[in-house]
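Written below as structure tokens is the structure these notes are about.
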Amino acid sequence: MTSRREKVQSVFLTVLMIMSVVAMGGVGFAGSAAAEEEIEATTDPQTVIDDKITTVDVTVENLDGTGKYEVGTNGGGDDVTSGETDGTFSFTADPVGDDVNAGEEYTITVDPDGEAETVTVSVVPQIDVDFDLDTDPVFDDSFVVSGEVANDNGDFDNDKFEALHLAFNSDDVDTEDDLLESGEDLRVLSDGTIDDVTVDAEDAGEFVFVYETEGDGGEEQFFLVEDATIDVASQEGDLTIDAEDPVAGGDADEFSVNVTDAEGTTLDLESDYSDDHTSYVNVTGPFDGESLDIDDSDVVAAYDDEDEEVGYEAGWEDDIAYFHAQTDGDEFEFDANAMDADVEVTATLEVNTNYGEESGEVYTGGVEGAEFESASTLDIVADSDSVEIGEGEFTVDLSDSDTLTVDESGDVHVSVTGPDFQEVGSAEADLDKATITLTGDTLTEEQDPIVVDDEGDNPETTPVQFEGLEFAEAGEVVVNVTAEDEDADETYEATETLEVSGDILLDISPEEVTAGEEENLTVQIGDEDREFVFDRIVTLTHEDDAEGFGEDDGNTIELTSDEYSTSENAFVDEVDFAAPGDVSIEVTLEDETTTVKLDDIISIEGEERYEVETDDELLVSATENFDFQVIDLEDGEVVSEEEDLEAFEVELVQDGEIIDSDPALEIDAENNTITVEDAQVDSAEDVTIEVSDEDNIETGDGVLSVIEPEIETDLGDAVLTEGVTTEDVTVTVTDPRDGSPIEGEVQFTADNATFHITDLDADDGGEIGHEGATYEGSLSDEGQLNITITPDEIDDAENTSLKIGAQAEDVGEYFGAIDVDAGNMQLFERENGEDVDVRDEVEFDSEDEVLFVVRDANGDRIEEQDVTLTGDWNEADEEPELETDEGFFTVDFAEYDLVEGEEIAFEVDADESASSDEITVVTLDVTEDLEEVQLTFSANETEIEMNDSVEFTLVREDFAEETSGTLTVYNASGDAVAEDVEIDGTLEYTFEDVGEYTVEVEKEDSNSKTFVSDSVDITVGDVSEDPIDEYRNDDGEVDTDNLRNAIDDWRSDEIDTDLLRDVIDEWRSGGDDNSDE
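Below you can see the structure in the form of structure tokens.
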């Protein structure tokens, strides 16, 4: 370990950078340039004290093998020691015994091949300096040094030195003069006292004491005082970096950096501290080089992510990892775009008044080859500061949209930008897809969502447009965007709104009125803020082109401010609602700007005078006639006059839509009926027959039932079976009204499996269920179709079926659909003449001979298909094909070398119509030859009270060590009350309910062992209570009041005598306190 003296000696050598050279063997700063040899010798230490014995270690580098060495005094020789070395050796320096004075030296010569390599160790005198400071030195301040000088035995001896200096340890000391000028000359009085001296701390770092002596030849020699250094601390400044919510990407953000000294004065790093750019602020990004904008006068240097300097003249086309900048008495600002989110842009201060590169060789005290790195203590320090870089925002921009009004149509332009500031779907964007919806209560038409991606005809990127939007009244439209970054598995959502200018219909009355009546009409109009307005023109238009509002008004009514009632804040007028129909409203300004336009705002209904009755039903998809009668509700009689019947207007309505506004009619006055001819519907919903007079004032309606065809097969309750062809299936379609056959089409649709259909009548067929395929066949004049059906392999029998629908005529849809279920083949073992479930696994060395039977989904034997036993066989045996006899077959497992841990499967041949040759019916696991290991499961207690805990321990017997596993806790009924409870050696488990429990432990098999489970029974009882507790107070004692309570309870026979005595005894045990009572 290096001694403190050696460290100080080393510091001294780094400080005294004396470049004057005198002849080798001189003292003080004398020395000669060391030639660069193939081998190099160094010593530790490089100096020794003149009156102390020191061990010097010598290291020889690049020594090939061994070499001789000599250690002599004052120029060479071996008068100290000599020997042979393989690279390291030591010698003892005893300057007094060796007659080597201060300023002289030891010479070490290594001579492996006749070409000597020489290195010296200087002998220096030593004094001690005991100094005091008036304050802790800080950069840019001053301090007073005082103290005293003594030799190493504590006495003052001015013969030891000629002068004493305080020197600053800095690479600015390049000459002897620099040494003397870098600090202060100290005045030492005759008694060894150091006269007070004031020192200016112009640099942070270290002052050392150097004493001067005179050599034998009269030359000056300088030596470092051991254990005497003064540290000048860095000044505490302040550094801040600020930016307002900077984000990665997008436009450049504005940053500002301010650096102040301890007094809060902004530093001028450029002129006050360093002319060679050694004082600066380091700002770490990374930044986009093209966005980085700094004043030329501030920039020192910039570096890329390889730490290579990038010149400012290059325009910084590359990304900038960090840069150095200076301040000039004010904060410096720069614009930059940080490259990454969730990082920090950090500013760090570097202030050096003295700074330099590595020096070359230094000679002092006869020591050659000493190198050093310049002092690096910062003169002003400040905590670094940083600004966190956020992520850009997910942005929906509607700013390019039109101004939306009721008066004219407009377009909404939507631009979607991700946190990376790229339009969704663009080449560099992170966002791959966006779904954009536009909604609004005042839109006249619903808008389809726009999906932005690279699929089909969808737009690949934004902006996108919703064009030609029209609005009924003032309000707003809402644009909702959901965007996806599929790589990052992130979803973004945003909602923006746009205002629609115009007015709002606040109220209108009546909204429903009977045709032929006159009523007061009131209309309230509000502006966008829902404030009543009167300076409007309100126009009501009846859908009747002639006289919807009577002979005087025709089909249009116009209301102006003349009809405005201030008491009602409404436009008021008496209106003749003459004809049935719907009324629209339009509100305009005097300049004809439209502010409201709403359709069907008032409904004028005819009088409900009639009722329609019919006993007929209409078969969906068929073209048929039907009859109906009209009942006059005023007298309850059937309308019978031919003239009246011919006057009726008739419409057929289904699902709220008019399906025939002018059906062909035939009047039968004799039977008081109207016949609708050639009626056809393509929906199974009932039809409403609406009738009205010629003016649609008197109306009526009734319901015509619509029925579906009836479909059945001759399968009955039978289920189709995977891989098995069901022959000669007859599908019959009839009219449910009379059972007559329907000559039409039948359609087969697969659900959750693939089916193969063969049309025996048309010698046709198809595979359905593959990519949504269906099969359509024609029904005979008997309403029948003969087919065969073969399902492919079925994965989910419960949800698999074949759907059959029919239609009387081609209307696109099929009706009356039924489901024909399909299921799996079944395999059973036979025991005692009965089917039993197939075992889950077979032993790898099984010698069992097992009888099996194959059955279809209905439980019937499959007699003609053979079975193949597949699996991995140890000796690569061929997979055995087993012939069935009426569905039965036998497997002798002793014939097969089953592979441990693998599987075997029973595959049954499928019929030719199926897609695959075999159907896998059952798969068995083959056990492994595992060693059984008993688990030992124990509990520290087996009888506990409710809410108590039991500590369980699990041990495997093969190692007699604790192990891990899982517990299942069963109650007395055998129900699992806790499952998959993990135990690792031990587990503390709490039982919260009273009862009997069994705790069972299991452990998964390892590669070579299977573990035998174990269990423990636990009894949990109710918490026992001390009956005296009722008479104890909060301190757990029976006091006099509670004793009286116990006596009262005894007198009322609520407690027995024994309990009362126990209470009295405990009361007495309370001592003097109770006795006093």
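So the sequence shown is residues 27 to 1103, counted in the numbering used here.
For each residue, glycine too, the CB sits at the ideal point set by N, CA and C.
In or out: residue i buried (at least 16 other Cβ within 10 Å) or exposed?
| i | result |
| --- | --- |
| Asp-154 | buried |
| Arg-1070 | exposed |
| Lys-3 | Any question about residue 3 goes unanswered here, given that the chain covers just 27 to 1103. |
| Trp-1093 | buried |
| Thr-747 | buried |
| Arg-1087 | exposed |
| Leu-805 | buried |
| Gln-833 | buried |
| Gly-57 | With a pLDDT of only 31 at Gly-57, under 50, the local geometry of the prediction cannot be trusted, and the value read off the model is given with reservation. With 16 or more other Cβ atoms within 10 Å, it is buried. |
| Glu-399 | Since pLDDT at Glu-399 reaches only 32, below the 50 mark, its modelled position is unreliable, and the value read off the structure follows with that caveat. Classification for Glu-399: exposed. |
| Ala-562 | Just to set this straight, residue 562 is Arg in the shown sequence, not Ala. Flag for Arg-562 reads buried. |
| Gly-662 | exposed |
| Glu-296 | buried |
| Asn-363 | buried |
| His-782 | buried |
| Glu-110 | exposed |
| Asp-1084 | exposed |
| Asn-284 | buried |
| Thr-146 | buried |
Just curious, the alpha helix (DSSP H) that residue i is in, first and last residue?
| i | result |
| --- | --- |
| Leu-805 | Looking at the DSSP string, Leu-805 is not in any alpha helix (DSSP H), and its letter there is neither H nor E. |
| Arg-1087 | 1083–1094 |
| Thr-5 | Because the chain is modelled from 27 through 1103, residue 5 falls outside the range shown and cannot be assessed. |
| Gly-98 | Careful: Gly-98 lies outside any alpha helix (DSSP H), inside the beta strand (DSSP E) at 93–99. |
| Leu-585 | Where Leu-585 is concerned, there is no enclosing alpha helix (DSSP H), although the beta strand (DSSP E) it sits in stretches over 582–585. |
| Gly-576 | 576–579 |
| Ala-351 | Not the alpha helix (DSSP H): Ala-351 falls in the beta strand (DSSP E), residues 346–351. |
Can you tell me where the beta strand (DSSP E) with residue i in it begins and where it stops?
| i | result |
| --- | --- |
| Asp-951 | 944–952 |
| Glu-131 | 131–137 |
| Asp-625 | 620–631 |
| Asp-694 | 690–694 |
| Leu-924 | No beta strand (DSSP E) contains Leu-924, which DSSP labels as neither H nor E. |
| Ala-189 | 189–194 |
| Asp-533 | 530–535 |
| Ala-965 | 957–965 |
| Leu-464 | 459–465 |
| Ala-1002 | 1002–1010 |
Tell me, to the nearest whole angstrom, how far the beta carbon of residue i is from that of residue j; I am working on the premise that it is less than 8 Å.
| i | j | result |
| --- | --- | --- |
| Glu-672 | Ile-657 | In fact, because the Cβ distance is near 17 Å, the residues do not count as touching under 8 Å. |
| Val-106 | Phe-117 | 6 Å |
| Thr-68 | Glu-96 | Actually they are not in contact, since the Cβ atoms of Thr-68 and Glu-96 sit about 17 Å apart, beyond 8 Å. |
| Leu-961 | Lys-1029 | 6 Å |
| Val-1049 | Asp-1040 | So it is not a contact: roughly 29 Å between Cβ atoms. |
| Glu-115 | Val-74 | This sequence places Phe at residue 115; Glu is not what is there. Not really, about 16 Å apart at Cβ, beyond 8 Å. |
Checklist entry - Is the region 853–862 in contact with the region 813–822, if contact means three or more CB pairs nearer than 8 Å? => result Because the criterion of three Cβ pairs below 8 Å is not met, the region 853–862 and the region 813–822 do not touch.
Next on the checklist: Quick check: the region 920–937 against the region 968–979, are at least 3 beta-carbon pairs closer than 8 Å?
Outcome noted: These segments do not touch.
Item to check | the region 865–878 touching the region 832–846, judged by at least three CB pairs closer than 8 Å | outcome: Result no; under three Cβ-Cβ pairs closer than 8 Å.
Item to check | Cβ contact (3+ pairs, closer than 8 Å) linking the region 725–736 and the region 697–717 | outcome: Taking 8 Å as the limit for Cβ pairs, the verdict is that the region 697–717 does touch the region 725–736.
Checklist entry - For the region 847–888, which segments carrying the beta strand (DSSP E) assignment without a break, of at least 3 residues, lie completely within its bounds, in sequence order? => result For the region 847–888, the full-length beta strand (DSSP E) segments reaching 3 residues or more read 852–857, 860–863, 875–881 along the chain.
Checklist entry - Are the region 521–532 and the region 499–507 touching by the rule of at least three beta carbon pairs closer than 8 Å? => result A contact exists between the region 521–532 and the region 499–507.
Checklist entry - Would you call the region 359–376 and the region 405–424 in contact, with 3 or more CB pairs under 8 Å? => result Yes, the region 359–376 touches the region 405–424.
Checklist entry - Touch check for the region 889–896 and the region 925–934: three-plus C-beta pairs under 8 Å? => result Three or more Cβ pairs closer than 8 Å define a contact, and the region 889–896 meets that threshold against the region 925–934.
Checklist entry - Per the contact definition of three or more C-beta pairs closer than 8 Å, is the region 444–464 in contact with the region 255–268? => result Short answer: they don't touch.
Checklist entry - Does the region 981–995 come within contact of the region 1052–1072, defined as at least 3 CB pairs closer than 8 Å? => result With the cut-off at 8 Å, the region 981–995 and the region 1052–1072 do not touch.
Next on the checklist: Extract the residue ranges of the beta strand (DSSP E) inside the region 220–293, only unbroken runs of 3 or more that lie entirely within it.
Outcome noted: Qualifying beta strand (DSSP E) stretches, in chain order: 231–240, 246–258, 264–269, 279–286.
Checklist entry - Pairing CB atoms from the region 675–682 with CB atoms from the region 761–776, are three or more of them under 8 Å? => result Touching, no, given that fewer than three Cβ pairs across the two stretches are closer than 8 Å.
Next on the checklist: When you compare the region 315–326 with the region 350–358, are there three or more beta-carbon pairs, one atom per stretch, that lie closer than 8 Å?
Outcome noted: Short answer: they touch.
Checklist entry - How about the region 602–609 and the region 687–697: do they share at least three Cβ pairs that are nearer than 8 Å? => result The way I'd put it, the region 602–609 doesn't touch the region 687–697; fewer than three beta-carbon pairs between them come closer than 8 Å.
Item to check | beta strand (DSSP E) runs contained entirely in the region 714–785, provided each spans 3 or more residues | outcome: The region 714–785 contains these whole beta strand (DSSP E) runs: 724–733, 736–739, 752–760, 771–777, 781–785.
Checklist entry - Below 8 Å, can you find three or more Cβ-Cβ pairs linking the region 185–194 to the region 426–434? => result The region 185–194 makes no contact with the region 426–434; the number of CB pairs closer than 8 Å stays below 3.
Checklist entry - Is the region 881–890 touching the region 938–957, taking contact as three or more C-beta pairs under 8 Å? => result Result no; under three Cβ-Cβ pairs closer than 8 Å.
Checklist entry - Does the region 456–476 touch the region 583–594, meaning 3 or more C-beta pairs lie closer than 8 Å? => result With the cut-off at 8 Å, the region 583–594 and the region 456–476 do not touch.
Item to check | Length at least 3, wholly inside the region 144–182: the beta strand (DSSP E) runs in chain order | outcome: Taking only runs of at least 3 residues, the beta strand (DSSP E) segments lying wholly in the region 144–182 are 153–159, 168–177.
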